[in-house]
Amino acid sequence: MMKQEVKEALIFELTKAKVARQHMDNPTKSNITDAEFWIESYLAAEKEIEETINRLNAKN
Numbered sequence: 822m823m824k825q826e827v828k829e830a831l832i833f834e835l836t837k838a839k840v841a842r843q844h845m846d847n848p849t850k851s852n853i854t855d856a857e858f859w860i861e862s863y864l865a866a867e868k869e870i871e872e873t874i875n876r877l878n879a880k881n
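Heads up, the sequence shown is in my numbering, so the first residue is 822 and it goes up one at a time.
Set out below in structure tokens:
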């Protein structure tokens with residue numbers, strides 16, 4: 822079982838990476854100061870982390 826603090830840190834780091842990647846891929850269409858942009862990125866990262874944890878736990 823993964824500690825909640827570790828899960829939250831992973832989600833936060835993945836959020837930052839997703840925001841950076843989207844901004845690098847399309848700097849004219851991304852607004853990194855927009856709260857909605859960050860929230861959408863966070864929710865996507867949260868879902869991805871949860872799915873990965875569940876998949877890895879199922880393997881063990």
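Ideal Cβ placement from N, Cα and C applies to all residues, glycine included. Bear in mind that the values here come from a model prediction, so they are computed numbers and not experimental data.
{"Query": "Going by C-alpha to C-alpha distance, which of E869, W859, N875 sits closest to L831?", "Result": "E869"}
{"Query": "Is the beta carbon of L835 closer than 8 Å to that of A866?", "Result": "yes"}
{"Query": "Which two residues bound the contiguous alpha helix (DSSP H) that contains M845?", "Result": "825–846"}
{"Query": "Measure the alpha-carbon distance for T849 versus N881 and round it to whole angstroms.", "Result": "44 Å"}
{"Query": "Please state if the CB of I853 and the CB of V840 are separated by a distance shorter than 8 Å.", "Result": "yes"}
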